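Residue numbers (this note's numbering), protein chains in the order written: chain A, 21 to 378; chain B, 196 to 993. Data block below; observations after.
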Amino acid sequence: MNDFETIRRDTLAAIAAASSREALEQVRIAALGRKGAITTAMKGLGALDPEARKAAGATLNRLKDEVAASLEAAAARLGEAQLAARLASERVDVTLPVAPEPQGRIHPISQTIDEVVAIFGEMGFTVAEGPHIEDDFHNFTALNIPPEHPARQELDTFYLPEKADGSRLVLRTHTSPVQIRTMLAQKPPIRIIVPGRTFRSDHDATHSPMFHQVEGLVIDRSTHMGHLKGCLVEFCRAFFDVADLPVRFRPSYFPFTEPSAEVDIGCSRAGGELRIGAGGDWLEILGSGMVHPKVLQNCGIDPGVYQGFAFGMGIERIAMLKYGIPDLRTFYDSDLRWLRHYGFLPLDMPSMVGGLSR
Amino acid sequence: MKTTLSWLKTHLETEAPIEEIVRRLVMLGLEVESVVDRAAALAPFRTAHVVSAEPHPNADKLRVCLVDTGTARVQVVCGAPNARAGMRGVFAPPGTVIPRTGLLLKESVIRGVASNGMLCSGYEMGISEDHEGIIELPPETPIGEGFAKAMGLDDPVLDIKVTANRPDCLGVRGVARDLAAAGLGRLRPLDTRPVPGRFESPIAVHLATLDEKACPLFLGRMVRGLRNGPSPRWLQERLTAIGLRPISALVDITNFLTFDVNRPLHVFDADRIKGDLVLREARPGESLKALNGRDYALDEAMTVIADDAEVLSLGGVIGGESTGCTAETTTVFIEAALFDPVRTAATGRKLNLQSDARYRFERGLDPAFTATGMEMATRLILDLCGGEASEVVVAGAVPAWRRRYRLRAGRIAGLGGIDVAQDAAKEILERLGFAAAPSADGDLEVEPPSWRGDIEGEADLVEEVLRVHGYDAIPAVPLERETALPRPALDAAQRRLGLVRRTLAGRGLVEAVTFSFIPAGVAALFGGGAPALRLVNPISADLDAMRPSILPNLLDAARRNADRGFADSALFEIGPRYDDDTPEGQRTMAAGLRHGQSGPRHWQGGSRPVDLFMAKADALAVIAAAGGPVENVQASADPPGWYHPGRAGTLRLGPKVLGHFGEVHPAVLARLDVKGPAVAFEVELDAVPLPRKGARGRPPLKLSPFQPVERDFAFLVPAELPAETLLRAARGVDRQLVSEVRLFDVYAGPEVPPGRKSLAITVVLQPERATLTDDEIEAFARKLVAQVVKATGGELRG
């Protein structure tokens, strides 16, 4: 029996001393291997008488279990130590900077148009478009601007070369010709907005030869000036995200609307800083009015039956006001610093449900 | 249109403060652009008395003045030749900012003598061009009073933006009439009594235009025995206040009537007229030396007034120098006519000649006021210059202007959105000068006044009532939707533009928006610059051609960014290209340009010069985002001329060109001064087919339970063989079985024979009925090799 105790003591001591999985394996082989001490002792049991064999067998089995458990515990311990050593050796400097990712941006004009479409889309408007190179009829005559009308002279029109028949095409001076194209192509009810490029031969600090407008047109049997006010008040408040934004309508003149109204929003200029909201001052942002009966007639729509309103505003202007962009000309400069500063993230999609702007 | 408050009050009896007047004007549609209180800047300046003026001990031209400011006596050194003891002048104490120069006045010592302020000239005050001497005020001027008040400058100047439809408000009286209609006071009566003629006019007037519309009415009258001196102070002050220079009584009277009652007239020096006056079209070759000193060549489209000898004035635009009034003038002939708006506008535009008269005639004047204006002018001339007036000579007649429109009972509510009682509407219209009478069937029969040529129908009447009643009073009503939920605002083609835009930005490109016009020379490099697409009146010579491509703009932007120190850029734009001048010729393009390095250097590497495959990837991403069948898009090495001929390509869907990609041609880069490398793409979005309507439902998803198998093959093929030929052959071996073919290596080097290259592919096989056996895979491999060899003229690489 003392032999067994010696095996036990030696083996457990060797397990405790093993400093690697390899050393531990040697201990296992020395104890439990084919020629190991315990295996050999097991084989020697056959020479004993039955009583002694039973007692020695039980002892040996216990010893075998104890050694096996000890080996397992030692293996786990050694595994942990080895992993810890590996982890220690794998250490890197986590303060190293990450690789730069390309930073794309959406231009403020595109983003602003998306915002405008999101708002008017909610009110049942659809987006219409038209050509930039227009003829006299769509850009002027059908809009009740005859050739010698003073308003036509004030529009600073770009002209293309005169054709053989004496006519000359123009770059559209406003998005209003799309009103005409839509009314000629489609029967009321009509409810469209028209964002797009417009052109005027004017170039200074506050004018660009190309800029963007959004036009709106509603034609049905019953829309009146109250609706015009309701629609545009809601738009201004939603766009500028000022729930109590004062909106003022005052009489004005456009050849294609009657009655006509300019729309102002409230602002404050206290301390030289422009702030949109109730503040005692006013800022003109768009023109509007009830569609002139002659314009309806020019489009084959009976003004005795149908009526509605139209409006137009500058995209750059409302973008400048909303986002504090100081200079109109910078919109077309393609200066990367400007585009990154004033531009929008690609996934920043305006919607009325998800919020128009952050 | 400018007026002063006191001028306005000569027509409008009101106690309303200026703020209220401005507010009402704005809400009437007469936008007040500015209210300038000239008194504010002049507040520190006071009237003063020069007690003594002694020679300066150290300077011949200076005087040392003792000035009584009303509160103190101060010493001032003054260089003005007219400074003398006893005079009344204008004193500015130290600390005053001089209006003209913006300089701060300080106490100083001039040549050894202390000077504690300044005696001011009209020039320094910003009220005249006279800087020879200091201002001399009348001897009765009280001392120590505000200078502005003493000079009648404490009268705010209103600048009103009059819209093109309201020429009646280009006179102070029209503005006053609107304010009175809005209840802000009472319109004072106008003295329109005719001045009796004392003799028959020796000069007759004749209308001889071929076009009757050119001028339907021509009035004239002589005034003789007058004296033309400076106009009185009240008249000079009014003209000066609105920015006009007083010239002489006769000239000032016509200017005054232009702005007071919106009636431009002309006054000829009658002694210089030869014979009668004829109003006719100009004859070819005729010219006029105008009052502004310039010569104008005239043509038949212009209306002139001529005597027996020559053209004397350009009707409705400007008078001529030969018959202009001078200090020696003693006999005048007053002309009042009704010139056609269209011809007046055309004349002014053709001659590039703007004038207060043209501005008014081209907007349309009150036809019934022509004779009244003549009487007012006569009375003023007699009052200010003396003399006696002839009878009025007349050619033509006042054109018919009376017309009636019906304002239906419910129309104000129906169009304007607010119910204004008919009585109230009638009253508003009448206060504006309209005649309004209820009709038997309950509507209003309305006749606009002679000065409201802009009123053309019922909608105008609604506006008149509403603007006086107040737009503020119209209740805002929500716009009801036709459907409970909004329909999509964008159609499929519009929606995908947004997807393309945000896809490109997601790929790291920054969106630009650039002009639709570029220099014609640059346009030619990109296949454009056709004469039909050149602007006749460009803003500058380098913005004269409608662009045939977005790329020149992006290249220009890349150059400018590089000049600013940002050589690595990735820009894109979604916008128009103009193929011709038709609506169909305007194509919507997505174009992008990558310039310099793909990114900044980094310790993990990854920065490399941009290459054409980046641009190709962008182009394919655009087509994919637009919903195009990318897998069917074929690339070929036939780019347009602005690309590198060997490093660029065209993308097609069948025969249809979708776009281009590749390196920009080095000659184009050099021409646009862009340092390479630069790669670009252009995709014509209109050419990418829209997904079929209703194709939203996807085909059923078939998931094979059997593992896919990958096999690699390398082929030696002719060096010039397009890789796509090989890939297409490999894909075509068994369309059921082959799920993917990937090219993973392109090699040409020592182990590859000259004129050949090695292309290595991975072929993915996806069985659907059973796991592939080795024999099946082997059979497939043999078939693939055979077909690829046949298609490419290559061989399997050993």
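Idealized CB from N, CA, C, for every residue including glycine. It should be emphasised that the depicted structure is a prediction, and the values quoted were computed from it without experimental measurement.
Chain B contact for residue i (CB, 8 Å cutoff)
{"i": "A/Ile-126", "result": "yes"}
{"i": "A/Lys-249", "result": "yes"}
{"i": "A/Ser-109", "result": "no"}
{"i": "A/Pro-346", "result": "no"}
{"i": "A/Asp-355", "result": "yes"}
{"i": "A/Pro-197", "result": "no"}
{"i": "A/Ile-153", "result": "yes"}
Proximity of residue i and residue j at Cβ, strictly below 8 Å
{"i": "B/Ala-248", "j": "B/Arg-306", "result": "no"}
{"i": "B/Phe-454", "j": "B/Gly-511", "result": "no"}
{"i": "B/Arg-258", "j": "B/Pro-252", "result": "no"}
{"i": "A/Ala-162", "j": "A/Ile-200", "result": "yes"}
{"i": "B/Leu-412", "j": "B/Ala-532", "result": "yes"}
{"i": "A/Met-310", "j": "A/Glu-282", "result": "no"}
{"i": "A/His-232", "j": "A/Ile-129", "result": "yes"}
{"i": "B/Arg-789", "j": "B/Ala-820", "result": "no"}
{"i": "B/Ala-765", "j": "B/Gly-703", "result": "yes"}
{"i": "A/Leu-356", "j": "A/Ser-228", "result": "no"}
{"i": "B/Gly-724", "j": "B/Ala-740", "result": "yes"}
{"i": "B/Val-663", "j": "B/Ala-377", "result": "yes"}
With 16 other Cβ atoms within 10 Å as the buried cut-off, status of residue i
{"i": "A/Ile-239", "result": "buried"}
{"i": "B/Val-958", "result": "buried"}
{"i": "B/Pro-949", "result": "exposed"}
{"i": "A/Val-172", "result": "It is worth fixing the name first, because residue 172 of chain A is Arg in this sequence and not Val. That one is buried."}
{"i": "A/Glu-313", "result": "What sits at residue 313 of chain A in the sequence shown is Pro, not Glu. Buried."}
{"i": "A/Arg-217", "result": "buried"}
{"i": "A/Ala-119", "result": "exposed"}
{"i": "A/His-244", "result": "buried"}
{"i": "B/Trp-202", "result": "buried"}
{"i": "A/Arg-106", "result": "exposed"}
{"i": "A/Gly-56", "result": "buried"}
{"i": "B/Ala-403", "result": "exposed"}
C-beta neighbour in chain A for residue i, strict 8 Å
{"i": "B/Pro-795", "result": "yes"}
{"i": "B/Pro-714", "result": "no"}
{"i": "B/Asp-350", "result": "no"}
{"i": "B/Glu-658", "result": "yes"}
{"i": "B/Met-222", "result": "yes"}
{"i": "B/Val-537", "result": "yes"}
{"i": "B/Glu-613", "result": "Sequence check: residue 613 of chain B is Ile here, not Glu. Taking Cβ atoms only, chain A reaches closer than 8 Å to B/Ile-613, which makes this a yes."}
{"i": "B/Ser-711", "result": "yes"}
{"i": "B/Ala-619", "result": "no"}
Residues near residue i in its chain [Cβ-Cβ closer than 7 Å; skip 5 each side]
{"i": "B/Pro-351", "result": "Thr-199, Leu-200, Ile-213, Val-230, Val-231, Asp-232"}
{"i": "B/Pro-397", "result": "Met-417"}
{"i": "B/Arg-467", "result": "Ser-517, Thr-518"}
{"i": "B/Lys-256", "result": "Gly-274"}
{"i": "B/Gly-154", "result": "Any question about residue 154 of chain B goes unanswered here, given that chain B covers just 196 to 993."}
{"i": "B/Asp-774", "result": "Gly-780, Arg-782"}
Neighbourhood of residue i by C-beta distance below 6 Å, restricted to the same chain and skipping five residues each side
{"i": "A/Val-136", "result": "Val-234"}
{"i": "A/Ala-339", "result": "Pro-128, Thr-132"}
{"i": "B/Val-292", "result": "Leu-299"}
{"i": "B/Glu-530", "result": "Gly-415, His-461"}
Residues near residue i in its chain [Cβ-Cβ closer than 8 Å; skip 5 each side]
{"i": "B/Glu-879", "result": "Arg-772, Arg-782, Thr-783, Met-784, Val-852, Leu-853, Gly-854"}
{"i": "A/Phe-157", "result": "Ile-200"}
{"i": "A/Leu-80", "result": "Phe-24, Ile-58, Ala-61, Met-62, Leu-65"}
Positions along the stretch 786 to 818 of chain B whose CB lies within less than 7 Å of some CB in chain A:
Cβ contacts with chain A: Gly-794, Pro-795, His-797, Trp-798, Gln-799, Gly-801.
Between the stretch 724 to 740 of chain B and chain A, which residues of the former have a C-beta closer than 8 Å to a C-beta of the latter?
For the stretch 724 to 740 of chain B, which is checked against every Cβ of chain A, the residues closer than 8 Å are Pro-726, Ala-727, Leu-728, Arg-729, Leu-730, Val-731, Asn-732, Pro-733, Ile-734, Ser-735, Leu-738.
Of the residues that make up the stretch 694 to 705 of chain B, which ones have a beta carbon closer than 9 Å to any beta carbon in chain A?
Contact residues of the stretch 694 to 705 of chain B toward chain A are Arg-696, Arg-697, Thr-698, Leu-699, Ala-700, Gly-701, Arg-702, Gly-703, Leu-704, Val-705 (C-beta to C-beta distance below 9 Å).
Residues, ordered as in the chain, of the stretch 263 to 279 of chain A that lie near chain B by beta-carbon distance below 7 Å
Close to chain B, meaning a Cβ-Cβ distance shorter than 7 Å, are the following residues of the stretch 263 to 279 of chain A: Phe-269, Arg-270, Pro-271, Ser-272, Tyr-273, Glu-278, Pro-279.
Output, in sequence order along the chain, the residues in the stretch 90 to 121 of chain A whose CB is closer than 9 Å to any CB in chain B.
Close to chain B, meaning a Cβ-Cβ distance shorter than 9 Å, are the following residues of the stretch 90 to 121 of chain A: Leu-116, Pro-117, Val-118, Ala-119, Pro-120, Glu-121.
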